Amino acid sequence: GENVEQHPSTLSVQEGDSAVIKCTYSDSASNYFPWYKQELGKRPQLIIDIRSNVGEKKDQRIAVTLNKTAKHFSLHITETQPEDSAVYFCAASWYDKVIFGPGTSLSVIP
Amino acid sequence: DVKVTQSSRYLVKRTGEKVFLECVQDMDHENMFWYRQDPGLGLRLIYFSYDVKMKEKGDIPEGYSVSREKKERFSLILESASTNQTSMYLCASSYLSSGRGPNTGELFFGEGSRLTVL
Numbered sequence: 018g019e020n021v022e023q024h025p026s027t028l029s030v031q032e033g034d035s036a037v038i039k040c041t042y043s044d045s046a047s048n049y050f051p052w053y054k055q056e057l058g059k060r061p062q063l064i065i066d067i068r069s070n071v072g073e074k075k076d077q078r079i080a081v082t083l084n085k086t087a088k089h090f091s092l093h094i095t096e097t098q099p100e101d102s103a104v105y106f107c108a109a110s111w112y113d114k115v116i117f118g119p120g121t122s123l124s125v126i127p
Numbered sequence: 142d143v144k145v146t147q148s149s150r151y152l153v154k155r156t157g158e159k160v161f162l163e164c165v166q167d168m169d170h171e172n173m174f175w176y177r178q179d180p181g182l183g184l185r186l187i188y189f190s191y192d193v194k195m196k197e198k199g200d201i202p203e204g205y206s207v208s209r210e211k212k213e214r215f216s217l218i219l220e221s222a223s224t225n226q227t228s229m230y231l232c233a234s235s236y237l238s239s240g241r242g243p244n245t246g247e248l249f250f251g252e253g254s255r256l257t258v259l
C-alpha cells in the first residue's frame, strides 16, 4: 500500500526564520497532496494542498512544492511566528483514499 | 460550516468488551474515514468508505470493523477491545475528488474519541 514518509519529526526555529518539512510517497498513482496543521488539543485542519498537475503553490507565508518524478513534496513556511507552532502532517491521496505521514512537531521560539 | 460529530469524547472500556464509536457528518459527503492517532505514528487509516455500504481497508484494519448504513453515519466497531487499542480515534469526511463540491479532497475531522482499554 501507499507509504508516506516525513522529515524531520521535530523542528525548532527562531521566530522570523523559515521552516521546511519534506515528505516522500511511494505510490506513483497519488494525485493529491494536502498538508494539515494540528494545534495542541485540536483537530487537524487543512492549510494548503497541491494537485499532481501543479509544481508549486503559494498562500501568503506558506508554499508547497511537488516533484512527481522524485515523489517528493515539501512545505515551506516563511517568517515564522509563534502561532505557527503545531504538528504538521503531509498526506498523499489517490482515488479519495488519504494516507498521512507521521507528522512534524514545529516549535517557533520567540 | 461542516460539522463532523463523534459520539463520545472519552471512553473507558475493559479488555474483551465490544466498543462502538459513531461519527455523523452533516455535509452530504460521500467519503468517510476512521483514523487512529498515536504519538510519533501520526494518523493511521483504519477504514475508509466512499459510499453507503461500501468500505475499504486502510493500513491497520486488524481488530476493527466498520458499518455505513446511511450516508451521514460511519461507525467503528472493536469486536473485542484490547489494551493495544488504547488510542485517540479520529473520524473525517470529504467530498468525492471527482465531484463538483467545494474543496474536493479536503478532510473535515471530528474532535476525536479518546479510548482507554483497561
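In order, the protein sequences belong to chains A and B.
Letter 2 of the first sequence, counting from 1, is numbered 19 in the numbering used here, and no numbers are missing.
Letter 36 of the second sequence, counting from 1, is numbered 177 in the numbering used here, and no numbers are missing.
Ideal Cβ positions, reconstructed from N, Cα and C, are used throughout, including at glycine.
Just so it is clear, the structure is predicted and the values come from calculations on it, not from any experiment.
When Cβ-Cβ separations below 7 Å define contact, B/Ser238 makes contact with chain A. Close to chain B, meaning a Cβ-Cβ distance shorter than 9 Å, are the following residues of the region 93-107 of chain A: Val104 and Phe106. For A/Tyr42, no Cβ of chain B is located within less than 7 Å of the residue's own Cβ. For A/Asp34, the nearest beta carbon of chain B is not closer than 7 Å to its own beta carbon. When the alpha-carbon of B/Val258 is set against those of B/Asp200, B/Glu252, B/Ser221 and B/Phe249, the nearest one is in B/Ser221. Residue burial is scored here from C-beta neighbours: A/Ser35 has fewer than 16 other C-beta atoms within 10 angstroms and is therefore classed as exposed. Taken in chain order, the complete alpha helix (DSSP H) segments of 4 or more residues contained in the region 164-225 of chain B number zero; there are none.
For B/Ala233, the enclosing beta strand (DSSP E) begins and ends at Ser228 to Ser235. Distance between B/Glu252 and B/Met173, taken at the CA atoms: about 15 Å.
Per DSSP, A/Asn84 is one residue of the beta strand (DSSP E) stretching across Ile79 to Asn84. Excluding sequence positions up to five before and after B/Val160, its CB lies within less than 6 Å of the CB of Lys154, Leu219 and Ala222, all in the same chain and listed in chain order. With contacts defined by Cβ atoms closer than 7 Å, A/Asp44 and B/Tyr191 do not form a contacting pair.
Distances from the CA of A/Phe117 to each of A/Tyr53, A/Glu100, A/Asn48 and A/Asn84 were compared; the closest alpha carbon is that of A/Tyr53. Per DSSP, A/Pro25 is not a residue of any beta strand (DSSP E), being assigned neither H nor E. DSSP places A/Glu73 in the strand class (E or B) of the three-state scheme.
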